[in-house]
Ligand SMILES: Cc1ncc(C[n+]2csc(CCOP(=O)(O)OP(=O)(O)O)c2C)c(N)n1
Ligand SMILES: Cc1ncc(C[n+]2csc(CCOP(=O)(O)OP(=O)(O)O)c2C)c(N)n1
Ligand SMILES: [Mg+2]
Ligand SMILES: [Mg+2]
């Protein structure tokens, strides 16, 4: 275990503890908005944990605690016509795209009024009117699919970019390779955020790959690549913004490695006993929300009262959201048999 | 077409026309043996073309003309206990492993006495007693399989290395990625010869990938990589020899890109009209056998008479081989129903 | 218009759909400059340009994945597998992504994956497969298996216009058979997906079949006339959703059924059809429902072996005689 | 010895085979330090070390490919799929490489791929699948689906000792059911692959089933006693090669059959079994051969939906009553 720890450590370029975040042109107002999404992400997950403990969540529960800056920062750089395919740990992305917490809650609780009406679970839903494509569980599969979204956008004369995510573990799938190479050779505007949080379930990256940073994979496909501090929401935002620009200008795909850490287990049931305690302690110091808070205060972009007000407002909103979600019934059994085939156009 | 040609040209680092081949410690005798394999490879394929024109070949016929140095040079660097999984264009590899031309001929002609008794086609056969694993048609699939061979060798305390091949086109498969990454992370002695011959069927590498040389893929997995002149049998041999040494000493996998050119169509039926004529002319000058011949003569390792004698001897051998192959009947129909399940140990 | 072959009919369908609907585009290996390994897309690169005729890397999973993404965005991708056997490398994308998508979150995935399937051409195990047997289980997929030139054209057009993922399995043995040359109907000549065709009306025994085996059945029917046995031949044309009504109707009429298909027998489409008959037309049955398929072996290469492996007219005639006297 | 659960029986089989045969080793995601998502390999890393308990990258195709290579070299790899659904990503390696290998060139590929399959645990479409339906068509593969703890242990040991590629589909709904706790037999307690088990002797109607549905059948049988209906229950245990003799024997005895399986009905194992009955036991049949399966939809998540989707005791009892009065 301590060997694993050691071998993992150096593979994972240290993320600065410092509060000095990446340079940005984002206004104070927009930075406060970013803060709101970060908090909404975390606070919704806290509510979900409660619901889980109350046995209201039907299946497993997955948390993005400690990684919120990756989802929020990257999604915030997209435009309204862009399309994103988030994974299970990208709650923040859903929120930035306009999804309401009750939608996620109803998904987890398998309720009739959730976006899939109880047919599928957690973040497994999409909605192209909000630029969202649903994942499937098989990791990697979304990468070629989102390459196809990007290709379609270009063929349709839209200037959209497509974005999706993959974990350090998910980079070992065949679809990661085929999808990225395909996107590269077609030069389509695909952004792949590689969320390197050090672990795939219990597996440290030292057992996942022999390389020290995933950004070298970009050169294997001849595409742009950047590695950023994934716990700095501004760094993630800025890297994605540049990638969006590149994509819109015909510069092809970008791979962004966001270095971060998974602060809970793989899922709610997993106590992550295999992760050395010191790592949690180390990364707690680098908490993306705490850091961003300190940044906002230090830069005079928000007062403590502003932040408290944002938090209080989210808290209130979440009360309503939880109530609404709980009020939704389970779907009627007949619905199980409906909707296998499309009979009318979805788009 | 000429655009394709242009875009392809610079992607493919020019192979020197020069007769100065790579440095080697191989004795004159062993170099003459190498020469024999090169000639056997080419002359067998010429015989196969004849058989094809006589409608004796049941399915398609694939040629490695112009690429013989890759198969022969790499296979020649292996030891008797090493294991290799060749593809359809690696006839030379089979010969170096001790396969007789009649075996290949009977495979192509679907005869009862061929290694698969008519069950499978062309080079689709293996024989672990000669260190040969059969491919399947799905490109890339052999890479993880050969990683498994290498892993088994290590677990069994053997010091074997495993080797296999992939074309420039085959590098786009998911299994290329999964297999190489797997081999890398397990640090097993796998050698992957990437046979970059500029085309996959009619598809130039510019439509296959966005990178200029495949050797960069080695760094994507953290393994050793080298790019060699694939029309210099000594260069291929030496690179493979070093990789074998590395593998035996626990240094893990090696990716070797061999730059070469496919001098015929994808298969006998394909006139390769999509390949600009100048490319054929250019590469004819770099013919690996002609170059090696000039080298042997220039270095005083063989006289023209020596070479002619080798050729004559192979010619005679091939007469016997063709006769033997033609003498074999088609298999009896009942054999179609036998052998799905193993009932006794193969190894 | 002059009669054309099965493969020409496919090319025509593709060409016409490309002309009439700019959302249609193609992805495949060597489909551009080369015009496809079987020339199904010959001339299309010149006519439609590289944006709509995309020469692909050897990445079947990405080809299908990309098509899924483009389809969700409102395009109509058609993916060519160089040989349909390579669809195995895209199994996950089709079975898990494309098929279930509409059920899961309401988003349609209108795409076609097409390519040459089937044996009888000495292609050995990786260039002769019939993947309908394994894909039939996949919820949300449609599977089409034309047996004639006009059906190939009409069904391919329907497939491209369908809102769902359609697997279109052409039989390469039929591609250039001169006997299959047919005049194409005026206009689109659309053939609906999900509708079987009564290829021969008969009295005594129903042969339910599709693809290359359709012609085996028809030839056998001719031969059996001499015996005074009058075969009815139902060409399924679509495997999923299956035209169960047509299957049951013919069996209820003749009381005897042979399901004739070119696939290994276990887990076959033939088994599935046969099970439906045994469950839903039991009262009408005068004899066992017989599956005439291939043995449970890989597809062998040698002519003597492949001939032993494949169903053929002799084998069918023998089975019919056996069953007729049951 | 104390009775143990189904998952403990699996762990025991793995453990014992690892102890007794040093050629056996395992590849899987999180099977080492973590002991496997379902703890099937708990403690094994400590006991057998990282050379034989290999924590794998997320590369199902490479996991299987690597196992194929190692198996050809004489080892006995056991691959764990974290959820069996992910076997989809290794489809090509299993269907095209492992299965046909011995037929093609005579080289055996003794490996096992095992993992949790099946629904009823609110896993939704990608954590509930039953892949036996699609793999049954693959020449050269064997498929095992234990329904009891002792069978799980005995069959897994047989699978590991088999010379062929064996897909071992465990039913995760059964993993920790206290009702399934069983004392293990002395010694190896090997259960032969390819042999069904007559789980209940009855007179009136045969239910042919396996896996979690075995217990549905047995419970229904108990309930139907009150009706005076005496069910015979055949547990297939192996899907491929199927124990056709046992299937035909029970149907010839009772004259009525329901094939009960947890899979979408089209292209199901149930259909295959049913087709064999309709072909080979026709003369003994007193009523239609009925398949009781799931509808042709993806597997839904919500409890109300999944309950509607899955076969259960009520549905079986109703079908039996219907059929008994046919
Ligand atoms: C193809 C595939 N294999 C296995 C799994 C099971 N699985 C779910 S999440 C996970 C770990 C993922 O790790 P990583 O990609 O690093 O993402 P993270 O959980 O760290 O966000 C695994 C193995 C899967 N979802 N898909
Ligand atoms: C997975 C897969 N897809 C498609 C094919 C069909 N195919 C056979 S050879 C070939 C081209 C291979 O090109 P390359 O890998 O460069 O090898 P080369 O023929 O140049 O030696 C293709 C597309 C295949 N064999 N496998
Ligand atoms: Mg991770
Ligand atoms: Mg090539």
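Chains as they are written, first to last, in the working numbering: chain A, 377 to 723; chain B, 377 to 723; chain C, 134 to 459; chain D, 134 to 459.
By construction, the Cβ of each residue, glycine as well, lies at the ideal position given by its N, Cα and C atoms.
Mind pulling the chain B residues with CB within less than 7 Å of residue i?
i, result
"residue 191 (chain C)", "515, 545, 546, 548, 549 and 576"
"residue 600 (chain A)", "Ordered by position in chain B, no residue passes the 7 Å Cβ test against residue 600 (chain A), which lies about 11 Å from the chain."
"residue 438 (chain C)", "494, 495, 707, 709, 711 and 712"
"residue 272 (chain D)", "716"
Any beta carbon of chain B sitting closer than 7 Å to that of residue i?
i, result
"residue 554 (chain A)", "yes"
"residue 388 (chain A)", "For residue 388 (chain A), the pLDDT reaches just 48, beneath the cut-off of 50, and the residue's location in the model is therefore unreliable, although a value from the coordinates is still provided. Chain B contact via Cβ: absent."
"residue 441 (chain C)", "yes"
"residue 325 (chain D)", "no"
"residue 521 (chain A)", "no"
"residue 463 (chain D)", "This structure leaves residue 463 (chain D) out entirely; chain D is present only between 134 and 459."
Quick one: list the residues of chain A neighbouring residue i, beta-carbon separation under 7 Å, in chain order.
i, result
"residue 595 (chain B)", "592"
"residue 557 (chain B)", "548 and 585"
"residue 162 (chain D)", "577 and 579"
DSSP three-state call for residue i: helix, strand or coil?
i, result
"residue 440 (chain D)", "helix"
"residue 553 (chain A)", "helix"
"residue 671 (chain B)", "helix"
"residue 424 (chain C)", "strand"
Using beta carbons (cut-off 7 Å, strictly below), is residue i in contact with chain C?
i, result
"residue 423 (chain D)", "yes"
"residue 383 (chain B)", "Below a pLDDT of 50, predicted positions are generally treated as unreliable, and residue 383 (chain B), at 33, falls in that range; no measurement from the model is reported."
"residue 541 (chain A)", "no"
Along chain D, which residues have their Cβ under 9 Å away from the Cβ of residue i?
i, result
"residue 499 (chain A)", "Here the premise fails: no neighbours, minimum Cβ distance about 12 Å."
With respect to 6 Å, is the separation between the Cβ of residue i and the closest non-hydrogen atom of ligand 2 below this value?
i, result
"residue 191 (chain C)", "yes"
"residue 470 (chain B)", "no"
"residue 514 (chain B)", "yes"
Name, please, each residue of chain C whose Cβ falls closer than 7 Å to the Cβ of residue i.
i, result
"residue 269 (chain D)", "399 and 400"
"residue 301 (chain D)", "Neighbours of residue 301 (chain D) on chain C: none; closest Cβ ~18 Å, over 7 Å."
Should residue i be flagged as near chain D, meaning a C-beta pair shorter than 7 Å?
i, result
"residue 502 (chain B)", "yes"
"residue 512 (chain A)", "yes"
"residue 715 (chain B)", "yes"
Taking CB distances under 7 Å as the criterion, tell me whether residue i reaches chain A.
i, result
"residue 619 (chain B)", "no"
"residue 291 (chain C)", "no"
"residue 241 (chain C)", "yes"
For residue i, verify whether its CB is less than 6 Å away from any heavy atom of ligand 3.
i, result
"residue 573 (chain A)", "yes"
"residue 545 (chain A)", "yes"
At a cut-off of 6 Å, would you count residue i as near ligand 4, judging by its Cβ distance to the nearest heavy atom?
i, result
"residue 576 (chain A)", "no"
Can you list the residues of chain C that residue i reaches, using a CB-CB cut of under 9 Å?
i, result
"residue 445 (chain D)", "Within chain C, no residue comes near residue 445 (chain D); the closest Cβ sits about 20 Å away, beyond 9 Å."
Using a Cβ-based criterion (distance less than 6 Å to any ligand heavy atom), does residue i qualify as near ligand 1?
i, result
"residue 226 (chain C)", "no"
"residue 465 (chain A)", "yes"
Check the Cβ of residue i against every Cβ in chain B and list those closer than 9 Å, keeping chain order.
i, result
"residue 561 (chain A)", "548, 582, 583, 584, 585 and 586"
Check the Cβ of residue i against every Cβ in chain D and list those closer than 8 Å, keeping chain order.
i, result
"residue 434 (chain A)", "255, 434, 435 and 436"
Going along chain A, which residues have a C-beta under 8 Å from residue i?
i, result
"residue 208 (chain C)", "528, 531 and 532"
Sequence ranges, alpha helix (DSSP H) only - wholly within the segment 193-279 of chain C, length at least 4:
Runs of the alpha helix (DSSP H) lying entirely within the segment 193-279 of chain C, each at least 4 residues long, are 193-205, 232-238 and 265-268 in chain order.
Could you pull out every unbroken alpha helix (DSSP H) segment of at least 4 residues lying fully inside the segment 333-415 of chain D, listed in chain order?
Fully enclosed alpha helix (DSSP H) runs of 4 or longer: 345-358, 377-387 and 402-413.
Ignoring anything shorter than 4 residues, give me the alpha helix (DSSP H) runs that lie fully in the segment 135-205 of chain C, in order along the chain.
Taking only runs of at least 4 residues, the alpha helix (DSSP H) segments lying wholly in the segment 135-205 of chain C are 139-153, 177-181 and 193-205.
Taking only runs that begin and end inside the segment 404-440 of chain B, name each unbroken alpha helix (DSSP H) of 4 or more residues, in chain order.
The DSSP assignment places 404-429 as complete runs of the alpha helix (DSSP H) inside the segment 404-440 of chain B, in order along the chain (cut-off: 4 residues).
Would you list, in sequence order, the uninterrupted beta strand (DSSP E) runs of no fewer than 3 residues that lie entirely inside the segment 515-589 of chain B?
Fully enclosed beta strand (DSSP E) runs of 3 or longer: 538-543 and 566-572.
Whole runs of the beta strand (DSSP E) within the segment 636-703 of chain A, excluding any shorter than 3 residues:
Runs found: none.
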